[in-house]
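Visitor: Residues in the sequence shown are numbered from 1 upward in steps of one, following the working numbering.
Heads up, the beta-carbon is just placed ideally off N, CA and C, and yes, glycines get one too.
Small disclaimer: the values here were computed from a predicted structure and weren't measured.
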Amino acid sequence: MTATTDAYAARYFETGTLEDIPSGHFIDGAEYPSVEGGMMEIADPGLGRVFTAVSAGDAADVDRAVRSAAWAFDEWRRMPAFQRGRILGAMATKIRENRDLLAVLEVLNVGKTLAEATAKVETAARTFEYYAGVCDKLQGDSLPIGFEQIGFSMLEPVGVVAQIIPWNYPMSTFARGVAPALAAGCCVVAKPAETTPHTALIFARLLVEAGLPPGVCNVVLGEGASVGAALSAHPDVAHVTFTGSPVTGTRVMQAAADHFASVTMELGGKSPVIALADCDIAKTADGVIGAIFENAGQICSAGSRLVVERAIHADLVAAVVDRARAITVGHGLRGNRMGAINSRRQMDRILEFIDTARAGGDRILCGGEAVADPKGGDGWFVAPTVIDDLPPDSPCVQEEIFGPVLSVQVVDGPADALRAANGTRYGLMAGIYTRDVSAALAIARDLKCGQVTINDYWGGGVEVPFGGVGHSGFGREKGLVALLSYLRTKSIVARVPASLS
Ligand code: NAI
Ligand code: MG
Numbered sequence: 001m002t003a004t005t006d007a008y009a010a011r012y013f014e015t016g017t018l019e020d021i022p023s024g025h026f027i028d029g030a031e032y033p034s035v036e037g038g039m040m041e042i043a044d045p046g047l048g049r050v051f052t053a054v055s056a057g058d059a060a061d062v063d064r065a066v067r068s069a070a071w072a073f074d075e076w077r078r079m080p081a082f083q084r085g086r087i088l089g090a091m092a093t094k095i096r097e098n099r100d101l102l103a104v105l106e107v108l109n110v111g112k113t114l115a116e117a118t119a120k121v122e123t124a125a126r127t128f129e130y131y132a133g134v135c136d137k138l139q140g141d142s143l144p145i146g147f148e149q150i151g152f153s154m155l156e157p158v159g160v161v162a163q164i165i166p167w168n169y170p171m172s173t174f175a176r177g178v179a180p181a182l183a184a185g186c187c188v189v190a191k192p193a194e195t196t197p198h199t200a201l202i203f204a205r206l207l208v209e210a211g212l213p214p215g216v217c218n219v220v221l222g223e224g225a226s227v228g229a230a231l232s233a234h235p236d237v238a239h240v241t242f243t244g245s246p247v248t249g250t251r252v253m254q255a256a257a258d259h260f261a262s263v264t265m266e267l268g269g270k271s272p273v274i275a276l277a278d279c280d281i282a283k284t285a286d287g288v289i290g291a292i293f294e295n296a297g298q299i300c301s302a303g304s305r306l307v308v309e310r311a312i313h314a315d316l317v318a319a320v321v322d323r324a325r326a327i328t329v330g331h332g333l334r335g336n337r338m339g340a341i342n343s344r345r346q347m348d349r350i351l352e353f354i355d356t357a358r359a360g361g362d363r364i365l366c367g368g369e370a371v372a373d374p375k376g377g378d379g380w381f382v383a384p385t386v387i388d389d390l391p392p393d394s395p396c397v398q399e400e401i402f403g404p405v406l407s408v409q410v411v412d413g414p415a416d417a418l419r420a421a422n423g424t425r426y427g428l429m430a431g432i433y434t435r436d437v438s439a440a441l442a443i444a445r446d447l448k449c450g451q452v453t454i455n456d457y458w459g460g461g462v463e464v465p466f467g468g469v470g471h472s473g474f475g476r477e478k479g480l481v482a483l484l485s486y487l488r489t490k491s492i493v494a495r496v497p498a499s500l501s
């Protein structure tokens, strides 16, 4: 911890809360209470206890925010592109300057560890920096029609866009949606998940401090069923970027369809980590641990299935279990390696999967139960869990658990590994561990998913497009391709005389 995070943590554990944290919707450059006065409590998952409250809005607050964004669009789309870029660049600096407060609030909202949260502050800053550089390079084409026609295409912003954000990565999901939208010249209404409102509010304020005109980026807080539903149904929203569950994603698509809004769907996953017989066992075990226990497994792209060749199954699983047992679990501000589950509801959901596996006779090699913070004795935690040798139709192989539970599948050879890897309705990510690069590339070619990493599960960065196939959704975030959600092409053709008189 730095001096400042230390001070925040000391004050928090002493008083049970933090002062001076925002609580209202952020609309048109200022904080507002809900039109109807609604509030909701916010709990710290590491203590399992409420520590503050924020506004909870409804359709009236959404309408106010969308109208503010629509009004601001006229100014924002006229601003020279290089100036938009400077504002996004200044935002990257602001995020880094506010690193400690952002990281501590992300810990208290999500339950993750301070180290994880601090890394995500940098991810968010880097994302604004990346898109800052692209604002003045979004150019169209000249169209070769004929001598007497001159044609070209130009890229224009789609208008007001919605960002519906989940609770597992509030900062990086905000940044990867908002930064390209602003770069394209769009205005934004963001809705953070009900349990994790704070960093989005701070980001919206920092954007204004960085020079963003009021109304260009707004944040409305509240329940998905009211605020999220009203936002995706609002007739003045041109695009909805949604990250969350497939069930809710379907609802958002249906609402967007009624007013012909386009959508980006970043949904769940059941991503495989494929370990071929020739892999380096120790390095692969390290990779597997990072893939599933980062953020206590609450990641759409978690490597939640280990697909391992029989020849190394016993050795690799032993190495993984050794490492899993060594992970300290507890409050994210107390220096533990793995933090909390975001809500009691999510914890119960995870434990239900484990109990069903246990009741069916599956072998749970470690973990398999709820645990408490070793110091405070409370909070919502699940011990790092490994379940061995599961059949392909097991719920632990087919369903997204969204918790620290690794499901092991044993296979015979690379072709069988590919079959197993492709054997769910999801298709978000896959990792491959092997010394045989050409085998890895052949598997990568035939995997049904949006991204593949080789010998480095979390390899990549904001430069690398991210998204799914099948029930993992469609559309791509990150990279230059993300801009396509927020831009549309306009073609212009002019008739000109063949010669001048
Ligand atoms: P969810 O999909 O319901 O929530 C995600 C976001 O959608 C939140 O901001 C929520 O307020 C909003 N929302 C909820 N209902 C809405 C509606 N009718 N219209 C518009 N927006 C709405 O996910 P939930 O219920 O928090 O978690 C359930 C499961 O979903 C998890 O166990 C996990 O498997 C999966 N999930 C996947 C995520 C991912 O990163 N792909 C993130 C969060 C959850
Ligand atoms: Mg839900």
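(1) With H, G and I counted as helix, E and B as strand and the rest as coil, what does DSSP make of Ser271?
(2) I'd like to confirm something about Leu480: is its beta-carbon nearer than 7 Å to some heavy atom of the ligand NAI, or not?
(3) Answer yes or no: do Val107 and Thr113 have a C-beta to C-beta separation smaller than 8 Å?
(4) Could you tell me the distance, in whole angstroms, from the CA atom of Ile327 to the CA atom of Ser407?
(5) Can you tell me whether Pro80 is helix, strand or coil according to DSSP?
(6) Within the same chain, show all residues whose beta-carbon is closer than 6 Å to that of Ala230, passing over the 5 residues directly before and after it, in chain order.
(7) Measuring alpha carbon to alpha carbon, tell me which of Ser501, Leu500 and Arg495 ends up nearest Glu148.
(8) Tell me whether Glu75, by its Cβ, gets closer than 7 Å to a heavy atom of the ligand NAI.
(9) Go ahead and pull the three-state DSSP assignment for Thr489.
(10) Identify every run of the beta strand (DSSP E) within the segment 301 to 360, keeping only runs that are complete inside it and at least 3 residues long; order them along the chain.
(11) With distance defined between alpha-carbon atoms, name the residue in Phe73, Asp456, Gly249 and Ala421 nearest to Arg445.
(12) State whether the segment 70 to 88 contacts the segment 117 to 132, with contact taken as three or more CB pairs (one from each stretch) at a distance under 8 Å.
(13) Look at the alpha carbon of Ser499 and the alpha carbon of Gly146, and state the distance between them as a whole number of angstroms.
(14) Taking Cβ positions only, does Gln298 come closer than 8 Å to chain C?
(15) Can you list, in chain order, the residues of its chain whose CB lies under 6 Å from that of His313, leaving out five sequence neighbours each side?
(16) Which term fits Ile432, buried or exposed, when burial requires 16 or more other beta carbons within 10 angstroms of its beta carbon?
(17) In whole angstroms, give me the CA-to-CA distance for Val110 and Ile341.
(18) Give me the Cβ distance between Phe353 and Pro392, rounded to the nearest whole Å; I'm assuming they're in contact under 8 Å.
(19) Would Gln346 be called buried (16 or more neighbouring beta carbons within 10 Å of its own) or exposed?
(20) Looking at the strands, I want to know which residues DSSP matches up with Ser232.
(21) Cβ-heavy atom distance between Ser232 and the ligand MG below 7 Å?
(22) Measure from the alpha carbon of Phe402 to the alpha carbon of each residue in Thr385, Asp412 and Val54, then state which is nearest.
(23) Helix, strand or coil: which one does DSSP assign to Glu223?
(24) Between which residues of its own chain and Leu487 is the CB-CB distance below 6 Å, once the five residues before and five after are set aside?
(25) Within 10 angstroms of the Cβ of Gly368, are there 16 or more other Cβ atoms? Answer buried if so, exposed if not.
(26) Compare the C-alpha of Ala193 against each of Gly222, Phe381, Leu276 and Val216 and name the closest.
(27) Confirm, please, whether the CB-CB distance from Leu428 to Gly303 is below 8 Å.
(28) Does the beta-carbon of Gly376, which I'm using as the reference point, lie nearer than 7 Å to any heavy atom of the ligand MG?
(29) May I ask you to check if the CB of Lys191 is nearer than 7 Å to at least one heavy atom of the ligand ADP?
(30) So the candidates are Asn336, Gly379 and Glu266; which of them puts its Cα closest to the Cα of Tyr426?
(31) The ligand MG and Thr196: does any heavy atom of the ligand fall closer than 7 Å to the residue's C-beta?
(32) What three-state label does DSSP hand Val397 in the structure shown?
(33) How long is the line joining the alpha carbons of Leu365 and Gly224, rounded to whole angstroms?
(34) In terms of alpha-carbon separation, which member of Leu484, Phe381, Val307 and Lys448 lies closest to Thr434?
(35) Would you check if the segment 251 to 262 and the segment 284 to 292 touch, i.e. whether three or more CB-CB distances between them fall below 8 Å?
(36) So does Gly224 have its beta carbon nearer than 7 Å to some heavy atom of the ligand MG?
Guide: Considering the structure as presented:
(1) In the three-state reduction of the DSSP assignment, Ser271 falls in the strand class.
(2) Checking every heavy atom of the ligand NAI against the Cβ of Leu480, none is found closer than 7 Å.
(3) Against a cut-off of 8 Å, the Cβ pair of Thr113 and Val107 comes out as a contact.
(4) Going by the C-alpha atoms only, they are around 18 Å apart.
(5) Looking at Pro80 - three-state DSSP - the assignment turns out to be coil, as it is neither helix nor strand.
(6) If we look at Ala230 and ignore the five residues flanking it on each side, its Cβ neighbours are Ala59 and Val62.
(7) Closest by alpha carbon: Arg495.
(8) The answer is no for Glu75.
(9) Strand.
(10) Runs found: 303 to 309.
(11) Put simply, of Phe73, Asp456, Gly249 and Ala421 the residue whose alpha carbon is nearest the alpha carbon of Arg445 is Ala421.
(12) Short answer: they touch.
(13) If you take the alpha carbons of Ser499 and Gly146, they lie about 13 Å apart.
(14) Of the chains in the structure shown, none is chain C; there is only one protein chain.
(15) The residues are Val410.
(16) Result: buried.
(17) Linking Val110 to Ile341 through their CA atoms gives a straight-line distance of about 8 Å.
(18) For Phe353 against Pro392, the beta-carbon gap comes to about 16 Å, at or over 8 Å, which does not count as contact.
(19) Residue burial annotation: Gln346 is buried, with at least 16 other C-beta atoms found within 10 angstroms of its C-beta.
(20) Note: Ser232 sits in no beta bridge, so no partner.
(21) False, no ligand heavy atom lies under 7 Å from that Cβ.
(22) Comparing C-alpha distances from Phe402 to each of Thr385, Asp412 and Val54 shows the shortest one belongs to Thr385.
(23) Three-state DSSP puts Glu223 in coil, outside helix and strand.
(24) Apart from sequence neighbours up to five positions away, the residues of its chain that approach Leu487 with a beta-carbon distance below 6 Å are Leu155 and Ala184, ordered along the chain.
(25) So Gly368 counts as buried.
(26) In terms of CA proximity to Ala193, Gly222 leads the group Gly222, Phe381, Leu276 and Val216.
(27) It is not a contact, given that the beta carbons lie outside the stated cut-off.
(28) With a cutoff of 7 Å, Gly376 does not count as near the ligand MG, since its C-beta is closer than that to no heavy atom of the ligand.
(29) Annotation note on the ligand ADP: not contained in the displayed structure, which lists the ligand NAI and the ligand MG as its ligands.
(30) Ranked by Cα distance from Tyr426, the first of Asn336, Gly379 and Glu266 is Glu266.
(31) Remark: the C-beta of Thr196 is outside contact range of the ligand MG, defined as less than 7 Å to any heavy atom.
(32) DSSP, reduced to helix, strand and coil, places Val397 within a helical segment of the structure shown.
(33) Distance between the alpha carbons of Leu365 and Gly224 is about 37 Å.
(34) Of the candidates Leu484, Phe381, Val307 and Lys448, the residue whose Cα lies closest to the Cα of Thr434 is Val307.
(35) No, because fewer than three Cβ pairs between the segment 284 to 292 and the segment 251 to 262 fall closer than 8 Å, the two stretches do not touch.
(36) Placement of the Cβ of Gly224 at a distance of less than 7 Å from at least one heavy atom of the ligand MG is found.
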